[in-house]
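Using the UniProt record's numbering, read the sequence shown as starting at 1 and increasing by one per residue.
Note that CB positions come from ideal geometry on N, CA and C, so glycine has one too.
First the structure, in the form of structure tokens, and then the observations on it.
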Amino acid sequence: MKKNPDNLKFRKYHKGRVAVKETYLNNKKFVYFGTFLGIMAIGSGRITSKQIETIRLLLSKRLKKRKGFYKIRLFSDVPVTQKPVESRMGKGKGAVKYWAMRVSSGKVLLECGGKSSLNNLIKVLRQVQSKFSIRTKIVNLNFKVSKSRSRYSRIKFKI
């Protein structure tokens with residue numbers, strides 16, 4: 001899995017802020033891959049590329065045995081810099097320490113499904129939940145196309 005982008009306009013960026021939006025028709029909140037379970041971010045923050053890689057390894061180990069599949073919808077694209085310890089002030093911006101991704105609340109972070117039972121998937125997703133640095137929840141999302149004013153009607157099942 002790719003850890004950081006190939007070509008950026010600049011090597012180092014400003015810190016920036018995570019935008020907190022509450023729009024339900026945002027494309028980030030829809031399930032794309034025909035799955036029935038996912039993890040949604042409740043809080044906002046940054047997720048590092050190491051956390052994404054740890055989650056990927058955990059999912060590939062646990063779901064391979066049970067014939068399940070997963071789709072991680074995360075990619076670290078923000079370089080985070082840090083100056084060396086005990087260096088004096090000034091002399092420019094520090095070197096890139098790690099790559100991260102800004103996550104706003106309400107974004108579906110990953111999806112999983114397959115032939116395994118619902119209890120096994122929930123057990124795996126609870127293990128994955130502990131690896132995130134932000135608050136998350138396991139959601140069962142099912143979207144149907146409707147003829148109403150909005151393109152999708154939202155049906156949410158409690159787990």
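When the Cα atoms are used, S105 and A41 turn out to be separated by approximately 5 Å. The shortest CA-to-CA distance from I134 to any of R102, S116, C112 is the one to R102. Where V128 is concerned, there is no enclosing beta strand (DSSP E), although the alpha helix (DSSP H) around it starts and stops at 118-129. If you compare the alpha carbons of I39, N4, S60, K50 with that of I122, the shortest gap goes to I39.
Between the alpha carbons of G90 and P84 lies a distance of about 12 Å. Y70 is bridged by DSSP to C112. The alpha carbon of K9 has as its nearest neighbour, out of R62, K64, P79, the alpha carbon of P79. Taking all protein chains shown into account, Q51 has 16 or more neighbouring C-beta atoms within 10 Å of its C-beta and is therefore buried.
For secondary structure counted as the beta strand (DSSP E) over 3 or more consecutive residues, the region 39-63 holds these complete runs in sequence order: 45-48.
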